[in-house]
Amino acid sequence: MNIPLTSQLINMCAALLLLIAFAMLSQRRILSLINLFALQGLILAFSTALVAHTSNQHHLYYSAGLTLMLKVLVLPWVLHRLIRKLNIKWDVETMFNIPTIMLVGLALVIFAFNLAAPISQMAGTITKSTLGIAMASVLLSFLMMITRSKAVPQVVGFLAMENGLFFAATSATYGMPMVVELGIALDVLVGMFILGIFFFQIRVAFDSLDLHHMEKLKED
Amino acid sequence: MFDQFGMLPIDVVLGVVVFWLVLGMAGLALQNSRLIAQFIFPLSAIGSLVLAGAALAGLGEVSTAILPLGLPDLPFHLRLDALSAFFILLLGAASIGIALFSAGYFRRMVAAELSLLCLEYHIFLASMALVFLADDAYMFMVAWESMALSSYFLVTTDHNQPDVRRAGFLYLLIAHVGAIAILMSFGVMQSGHGDYTFSAMRHTHLSDFWASIAFLLALFGFGAKAGILPMHAWLPEAHPAAPSPVSAMMSGIMLKTAIYGILRVSLDLLDTQLWWWGAFALALGLITALFGVIFAAVQVDMKRLLAYSSIENIGIILVGIGLTLIFHAFHKEALAALALTATLYHALNHAFMKSLLFLGTGSILHATGERHLGKFGGLIHKMPKLAILMLVGILAMAGLPPLNGFVSEWLLLQAFLLSPGLPHPYLNMLVPVAAAALALAAALAGFVMVKFYGVIFLGQPRDTTLAHAHDAGLWERIGMICMVIGCIALGIFPAFVILHLDFVTEMLVHHSLGSSAAQTGWLLLTPIQAERASYGPLVLLLIIGGGSLITVLLVKKLYHGRLRRGPAWDCGFPAQTARMQDTAEGFGQPIRQIFEWFMDVVRQVPSPFDLHPHYHGETHDRLWNLFYVPIKRVNEIIGNQVGKLQHGRIHMYLLYSFLTLLALLAFIQ
Amino acid sequence: MSYSALFFQLVQNVLVLLAAPLLLGWINQCRAWLQNRSGAGMLQPYRNLIKLFHKDAVLAHNASPLFRATPYILFACMWLAAALVPVLATDLPLSPAVDVIALVGIFALARVFIALAAMDIGTAFGSLGARREMLVGFLAEPALLMVLFTASTISQSTSLITIVETLAHKQFVLYPSMTFAAVAFFMVLLAENARVPVDNPSTHLELTMIHEAMILEYSARHLALVEWASALKLLAYMTIGIALFAPWGIAEGGNWNALPFAVVLLILKLTIAGAGLAFVETMSAKMRIFRVPEFMGTAFLLAVLGLLTHFLLET
Amino acid sequence: MEIFWVLGIPLFGGLMMAVFGTRQHAPEFNSALSFCTFVASAVLTTRVITGGPFSIWGEQFFVDAFNVFLVALTAFVGFTTSLFSRPYMRIEQHHGKLSINMLRLYYSMYQLFSFTMLLALLTNNMGILWVAMEAATLTTVLLVSLYRTPASLEAAWKYFILCGVGLAQALFGTILLYFAAEKILGAGGTALLWTHLNEVKTQLEPTVLSLAFVFLLVGYGTKIGLAPLHNWLPDAHAEGPTPVSAVLSGLLLNVALYAVVRSKVLVDGALGTHLAGNLMMAFGLLSVVMAAFFLARQKDVKRMFAYSSIEHMGLMTFAFGMGGPVATFAGLLHMTVHSLTKSAIFFAVGHAAQKSGTQLMKDIRGLIKTSPTVGWGLALGTLAILGMPPFGVFTSEFMILTTAMHTYPWTMPFLLIALGVAFASIFGRMQLMVFGETTGHRLPHPPAMIPVFLHLALVLLLGLYIPPYLADWYRQATALIG
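See below:
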């Protein structure tokens, strides 16, 4: 089988993304988590650029640039600033059994591959197997959000999910129309902005970013 | 009757409906108690009179109309056929007296409340008329629920009392659940072609299974409104809570809308009738009737007593419907016509007699401020005019000849007696048992009515406040006299009435009693043949009345009329206080004893050494604990379980969404 | 409606009126004999009535018009009932107006009135009597109705005349249903006419009395009418029993020739029935009032069984 | 051009309010902006009704009967809500719950929120639709947390995270949609345009589309509040300011449902089966039933009506899931009447809660006594939302239930039980709040009851008489949805 180098590289990136998703799933420390997120963004930008190169879709270069800007530079920077301001640098997550989570994650990956298999068959793009990985990383991020008990890691999980989606958009479909991508980027930015405000408010109201304080609204 | 004015009866009926609505609005605008009472309500009675006239004229012909309201493809269809005309006649005739009574009853109410009540009252009337007129499912449901809603607001007129609110709640809840069931029944009957008109439903053929579903849903839905077991719980709560004219209207007229609905669905809209529907209705009706009358016998609140009595009568009417269905299913049309006639007759009778009694309780309530039977006694001396009117009411209610209650029971028993020969052995066995149960219920009704009348009007006053009681006012008496006239006329001239009922039986079961019912003249009622059964109420009345008069005259003539007044003898007991009479509880005691397994009795028996012993007994509906409480409990349990899902942890919420996603993905794969 | 029919009706009206106290006297006399007493003689009821009519009526202070009207209504009802039952001839012009159901209705009407009148004065005994009377009534009435229904279903009619004609005409068939019905009817008769074991017409014992408790406050002519009505009621019940269970020998239609025979036969039947009643009354003890519902329930059950048997075995 | 005004006015308004929101007459200005939006949308509506659907700006915006009806509804309810929020917010300010800066944020976000909803409705691009939905979430998050109380922050947080995650799924669905579409339509701008997708829907790859629909349904379904994805909804409704609850319930949920229905049209075309409909029915039914049992245990009045919204959104989803002319018509009608009624209820509830100083139902008593308008508004609104004729909610429930009874009879026991339980729960509590002895006190500003009765009058009208042009409009939309 003769797969062009770029394709191999993209597949490599996909594998790396998956690996990072697993790493994030098991990471306890917030700072490392953010760093992993930045790394994920970097790989994403790289793979987008690769796709742009192979498919000659020029707008994907903008996408790559946007990703680099937003997800590798701005967001991690904002997050770093936030945790410094809120003084939660040393927060350590208490999570339940990491091996179990990993096992569940593994099952999810298999499930996602399975799901994506028939679609990948018909994908005309060079990167047809990436859809499964994208879906897997979305699901893994989802799992991460479920298992995190602090606000910041949850948000990182949320952003990682966006990354997964973005990867799906670029690698599987050569990117969405530019308008849409700009819109999505704007939303992410505004969302982060709002979240930033939010963190401060929550911090003021609850004295902590621990989500266990936010279980008051319920059926009793 | 209205032809010379170029109007169809249905136009007149619609005119009256509009007139009522205008009156209601006028009442809301007037905000003046005296004006509303003495002006609006008598006008409303005139409307009722016109309505009754139009309905009488409309019995013989079918007229339709379409109002440009409603759904886009489904304007409001109206139809005045014999069945609706009969029930509109019932509505009009019975509401005359109620409106006149209201003119007197409400005159002292606060203006703001009265104007609101006036609006609700007239919407209630108008929506009932529209229920009878409706010829498509949508219009029917709109009118039906408007009726429920307006009557709910009428029931909660006195909403400061928690009991009243509770009653209103229970009422509307059960009514609404019933309405959903009715709606579903229509859903079955429209059978997917999206045409909700009744005429389309008439032409739809349903399989036996679906027809049965439709029938059962309708029976459940309408039964909830009628107070058929086990959906009766609202009735004894709501009727006492409402102002008396409203109770009269609800009991006398509104319950009949449910009867109308059952008849409409089972005999008109569904094209097949299965015999077991009839057997089921029959059994249900009997249980309801017996249940109602037994509980009526042990009540201590006069309006609750009447409410339970209404349950009984609805049961009897349902028995009639059941019989009709059985006969109709076996193509015994003559018998079906007889049973149906009895059913309709009883519905009409009940409208008059129960309204009369409820109106009477209104006068008593106004005169004494009491509802508890234990506080009454000897009112015949304080309210003699009312006592006479009420005597007619209880005699009719007890099903005694020559009044109207007897006629319908007589017809129904005739239908039972003629039923042998059904091609189904079990039914043949069921029928005599049913007849026996019916006879038992009828006899118990006598017990109940003696208790009702005796405890309120006879004996010595049990409470000192009764000394200030005054007789019913003029308007109130006029209203009740209308009812009394109805009771007597229906009792004395059955052959004449049946001639008019024939239009309905002809329409529903394609047979009528007309040819035979009056074959020996209007004097005698002979439903099938003179040799088989006949009844001449006028003769009876004349003989009993005449016999009494002759006896009086003879005794006066032959002996002497000397009379002395003295203290009561009472076997020589010296102390004669009011407390020595039977209380309402006491009077019901034998029934309570016999049927104790049937009810939930809470007793407080005084100790033998108590110097001021007070016996206290309360009877509760066992079905409440057997049926309603479990439903409530299950509801709470499910609610608690469901509530646990929403426990405030965002992780779990995410997990739900995650699992949902995975499940769906797995599903489509 | 022929003149002969009118004549029959008139004769029967007068006859029952006059004969009713006699029947009561006969039963009382039989009871006396059976109890080894000499008795007051068969005409004692007449003497009682005359005595009562001559007395001054005493009314309680708070008696209402209802109280005063009741004896007359009661009397008229019972008179009508007794006059309706075809005993001598089956051609009675009043009969079409009142069939068996209406007959039961008339009894019920009378019962309701007397019960109301009993409650009117507001004495302890009055309301007690009324309550017990209604208790007995609500079970007796359907039982009676069921008995009559059994006969009606056999004859396919609720008209008394048709029933009697059918039953008298038919070949003698032993109807098992009618046997049940007869027993039930007899029990109802005992209860409805305030006889032992349900009630005792000759005591004023507070624990037991039903009928007497209700009429305690009546005196003089009112009491006379009430008593007379009771006698009429007993006669009516007796004749209904005869009409249903032993109708043979009645003068069908307006058959003049059969009439003398019918009269003799009727007297014979009534004599036997009266003696039988007295015998049963003497042999049984008054039961506790709480037992009465059971007793009546049995009667009701028997009557229903009778009707069921008819459907099971005879159709 | 109308589209420009419809979108431009609120966008411009949002910016203006951000600047001038602290002025004394900001509330009136806010209402005026909403009114202008409403007028513009009315003009747009007449144009669509008379001239038929059209699209502009490189087909990026598209108007047909389906969305223009929602545009008109959104603009109308947006306008009446702004009328309501005028006295309401002043009273809140008077009670010291809000500062002037918060009010500025409120007015600004209110206009932007209107903009995002209208954008979501008017855009032809499924991607932009997603963007607008996300933006709507973001603006409302700020509105929900307006009071800055711990509870409101918690509610807003949950709202943000749950809806954010949900919408991420929707984005994935959109990507999959694009993935399928680009095969047919080619990469680039047109592949996400709904009109184009609609034309080629039968050629779209079924497996991809079914997968896409699952993601879209879960995504937008979170926003609709379908059980079990609904958990954010009661919190957000209960803790946000009442006008926000009104527009959330009345409008935003509708817009999310709109997105699902648009997707369903495509998926149905591609699959040729009833899969999408069945999924929607299942979700709808589950929502109705679960919401009913949640209703039975509520103590907070706004929370209760939030659950009622879940119930009704479930019913609409169920109706659209059933499909067919009658059920779809009913679904559209239900959207309309539910918006009107539920927002009216929230208006009344808002004032009732202000009067009693609490949202706990046990402390709200005897409204009819102290302020008959609030009391009657709440009573009639509640009865209307419970499906009591002659109000319009009944009309649509009538059609939904009768159709369901025939087509899917097995759903009937569930619906019967759910509607019964819901009725008992809401009605019993409403009765206690409205009737009886009162606990309320006077408000510093007269309550805004005109919107309430205006809405209820419209709902009543729809119950008794649906004007022919409105019916045509619904029918056109029904034909579009199929």
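Heads up: the protein sequence lines correspond to chains A, B, C and D, in order. Heads up: the first sequence at position 122 corresponds to 122 in this note's numbering, and the numbers run straight through without jumps. Heads up: the second sequence at position 381 corresponds to 381 in this note's numbering, and the numbers run straight through without jumps. Heads up: the third sequence at position 251 corresponds to 251 in this note's numbering, and the numbers run straight through without jumps. Heads up: the fourth sequence at position 185 corresponds to 185 in this note's numbering, and the numbers run straight through without jumps. Even for Gly, the Cβ is constructed at its ideal location relative to N, Cα and C. All values derive from a computational prediction rather than experimental measurement.
Excluding the five sequence neighbours on either side, which residues of its own chain have a C-beta within less than 7 Å of the C-beta of P176 of chain C, listed in chain order? Within the third sequence, the letter at position 176 stands for residue 176 of chain C. Once the five neighbours on either side are set aside, the close Cβ partners of P176 of chain C are T309, L313.
Give a yes or no on whether the minimum CB-CB distance between I202 of chain A and chain D is below 7 Å. Position 202 of the first sequence, counting from 1, holds the residue named residue 202 of chain A. Chain D, which has a Cβ nearer than 7 Å to the Cβ of I202 of chain A, makes this yes.
Are the C-beta of I101 of chain A and some C-beta of chain B separated by less than 7 Å? Taking the first residue of the first sequence as position 1, residue 101 of chain A is located at position 101. The C-beta of I101 of chain A comes no closer than 7 Å to any C-beta of chain B.
Backbone secondary structure at G227 of chain B - three-state DSSP: Numbered from its first residue, the second sequence carries residue 227 of chain B at position 227. Here G227 of chain B sits in coil by DSSP.
Beta-carbon proximity list for Q57 of chain A, same chain, < 8 Å, skipping 5 on both sides: Position 57 of the first sequence, counting from 1, holds the residue named residue 57 of chain A. Hits under 8 Å: V51, Y174, G175.
Is it right to say F4 of chain D is buried, meaning 16 or more other beta carbons lie within 10 angstroms of its own, or is it exposed? In the fourth sequence, the residue the question calls residue 4 of chain D occupies position 4. Counting Cβ neighbours within 10 Å, F4 of chain D comes out exposed, since fewer than 16 surround it.
Looking only at C-alpha atoms, which of B:L623, B:V602, B:W624 sits nearest to Y615 of chain B? Reading the second sequence from its first residue, position 615 is the one you call residue 615 of chain B. Answer by Cα proximity: B:V602.
On a Cα-Cα basis, can you pick out the residue from A:A21, A:F37, A:M135, A:N87 that is closest to L70 of chain A? Residue 70 of chain A sits at position 70 when you count from the first residue of the first sequence. Of the candidates A:A21, A:F37, A:M135, A:N87, the one whose C-alpha sits nearest the C-alpha of L70 of chain A is A:F37.
Report the neighbours of N428 of chain B on chain C: residues whose CB is nearer than 7 Å to its CB, in chain order. By one-based count along the second sequence, residue 428 of chain B stands at place 428. Those within 7 Å of N428 of chain B in chain C are F311.
By Cβ distance, which residues of its chain are closer than 7 Å to S41 of chain D, with the 5 residues on each side in sequence left out? One-based indexing of the fourth sequence puts residue 41 of chain D at position 41. The answer, listed in chain order, is V6, V71, A72, A75.
Please report how far the alpha carbon of L422 of chain B lies from the alpha carbon of A533 of chain B, in whole angstroms. To locate residue 422 of chain B, count along the second sequence from 1; it is residue 422. To locate residue 533 of chain B, count along the second sequence from 1; it is residue 533. Those two C-alpha atoms are separated by around 20 Å.
So which residues of chain B does L33 of chain A contact, with C-beta pairs closer than 7 Å? Your numbering for residue 33 of chain A matches position 33 in the first sequence. Result: empty, since nearest Cβ-Cβ is about 17 Å, beyond 7 Å.
According to DSSP, D300 of chain D sits in a beta bridge with which residue or residues? Counting from one through the fourth sequence, the residue named residue 300 of chain D turns up at place 300. DSSP, once it has assigned bridges, lists D:L360 as partnering D300 of chain D.
Alpha-carbon spacing of G430 of chain B relative to G227 of chain B, whole angstroms: Within the second sequence, the letter at position 430 stands for residue 430 of chain B. Within the second sequence, the letter at position 227 stands for residue 227 of chain B. Strictly speaking, residue 430 of chain B in this sequence is Leu, with Gly absent from that position. Whole-angstrom Cα-Cα distance: 23 Å.
C-beta neighbour in chain B for T123 of chain C, strict 7 Å: Locating residue 123 of chain C in the third sequence gives position 123, counting from the first residue. For T123 of chain C, the answer is yes, since a Cβ of chain B falls inside 7 Å of its Cβ.
List the whole-angstrom C-beta distance separating K55 of chain C from S219 of chain C, where the pair is believed to meet the contact cut-off of C-beta under 8 Å. Stepping through the third sequence from its first residue, residue 55 of chain C is reached at position 55. Stepping through the third sequence from its first residue, residue 219 of chain C is reached at position 219. Confirmed, about 7 Å.
Beta-carbon spacing of A34 of chain D, F79 of chain D below 7 Å: Sequence index remark: in the fourth sequence, residue 34 of chain D carries index 34 (1-based). Sequence index remark: in the fourth sequence, residue 79 of chain D carries index 79 (1-based). The residue asked about is misnamed: residue 34 of chain D is Ser in this sequence, not Ala. Contact flag set, yes.
For a contact defined as C-beta to C-beta under 8 Å, what are the partners of A45 of chain A on chain D? As a working note, residue 45 of chain A is residue 45 in the first sequence. Here the premise fails: no neighbours, minimum Cβ distance about 18 Å.
Could you tell me the distance, in whole angstroms, from the CA atom of I544 of chain B to the CA atom of T551 of chain B? The residue you call residue 544 of chain B lines up with position 544 of the second sequence. The residue you call residue 551 of chain B lines up with position 551 of the second sequence. Cα to Cα, the separation comes out at about 10 Å.
Contacts of R104 of chain D in chain F (Cβ-Cβ under 9 Å): Among the chains of the structure shown, chain F does not appear; the protein chains present are A, B, C and D.
Nearest chain B C-beta to M296 of chain C closer than 7 Å, yes or no? The residue given as residue 296 of chain C occupies position 296 in the third sequence. Output row for M296 of chain C: interface = no.
For T156 of chain B, which residues in chain D fall below 9 Å Cβ to Cβ? Here residue 156 of chain B refers to the residue found at position 156 when the second sequence is read from its first residue. Going along chain D in sequence order, the residues near T156 of chain B (Cβ under 9 Å) are Q431, F435.
Reduced DSSP category for R562 of chain B - H, G, I as helix; E, B as strand; rest coil: As a first step, residue 562 of chain B must be located in the second sequence, where it is residue number 562. Of the three classes helix, strand and coil, the one that applies to R562 of chain B here is coil, per DSSP.
At a CB-CB cut-off below 7 Å, which residues of chain D make contact with F627 of chain B? On the second sequence, residue 627 of chain B is found 627 positions in, with the first residue counted as 1. The contacting residues do not exist; F627 of chain B stays about 14 Å from chain D at best.
In the DSSP assignment, find the alpha helix (DSSP H) that holds S371 of chain D and state where it starts and stops. Taking the first residue of the fourth sequence as 1, we reach residue 371 of chain D at position 371. Here S371 of chain D belongs to no alpha helix (DSSP H), and DSSP marks it neither H nor E.
Are T368 of chain B and L466 of chain B closer than 7 Å when you measure CB to CB? Counting from 1 along the second sequence, the entry for residue 368 of chain B is found at position 368. Counting from 1 along the second sequence, the entry for residue 466 of chain B is found at position 466. Yes, they are a contact pair.
List the endpoints of the continuous alpha helix (DSSP H) containing Q604 of chain B. Locating residue 604 of chain B in the second sequence gives position 604, where the first residue counts as 1. Premise fails: Q604 of chain B lies in the beta strand (DSSP E), 600-604, not in any alpha helix (DSSP H).
Hey, how far is the Cα of W410 of chain D from the Cα of L285 of chain D? The residue you call residue 410 of chain D lines up with position 410 of the fourth sequence. The residue you call residue 285 of chain D lines up with position 285 of the fourth sequence. If I take the Cα positions, the gap works out to 11 Å.
Going by the CB atoms, is the gap between G459 of chain B and Y360 of chain B shorter than 7 Å? As a first step, residue 360 of chain B must be located in the second sequence, where it is residue number 360. As a first step, residue 459 of chain B must be located in the second sequence, where it is residue number 459. Note on identity: in this sequence residue 360 of chain B is Gly, with Tyr being the wrong assignment. No, they are not a contact pair.
Please list the terminal residues of the continuous alpha helix (DSSP H) segment that includes G13 of chain D. As a working note, residue 13 of chain D is residue 13 in the fourth sequence. 2-20 is the span of the alpha helix (DSSP H), which, as asked, contains G13 of chain D.
Could you work out which residues of chain B lie near M72 of chain C, taking near to mean beta carbons separated by less than 7 Å? For the purposes of this step, residue 72 of chain C is taken as the residue at position 72 of the third sequence. One point to set straight first is that residue 72 of chain C is Tyr, not Met, in the sequence displayed. S548, T551, V552, listed in chain order.
Assuming L67 of chain B is part of the beta strand (DSSP E), what are its boundary residues? If you number the second sequence from 1, residue 67 of chain B lands on position 67. Segment 63-71, the beta strand (DSSP E) holding L67 of chain B.
Say whether the stretch 197-205 of chain A touches the stretch 139-154 of chain D, bearing in mind that this needs 3 or more beta-carbon pairs closer than 8 Å, one atom from each stretch. Judged by Cβ distances under 8 Å, the stretch 197-205 of chain A makes contact with the stretch 139-154 of chain D, as three or more pairs qualify.
Using only CA atoms, which one of D:Y106, D:L122, D:V141 lies nearest to I161 of chain D? As a working note, residue 161 of chain D is residue 161 in the fourth sequence. Of the candidates D:Y106, D:L122, D:V141, the one whose C-alpha sits nearest the C-alpha of I161 of chain D is D:V141.
For S607 of chain B, three-class secondary structure by DSSP: Position 607 of the second sequence, counted from the first residue, corresponds to residue 607 of chain B. Reduced to three states, the DSSP call for S607 of chain B is coil.
Interface partners of E531 of chain B on chain C, CB under 7 Å: Translated into the one-based positions of the second sequence, residue 531 of chain B becomes position 531. Ordered by position in chain C, the residues that pass the 7 Å Cβ test against E531 of chain B are S157, S159, T162.
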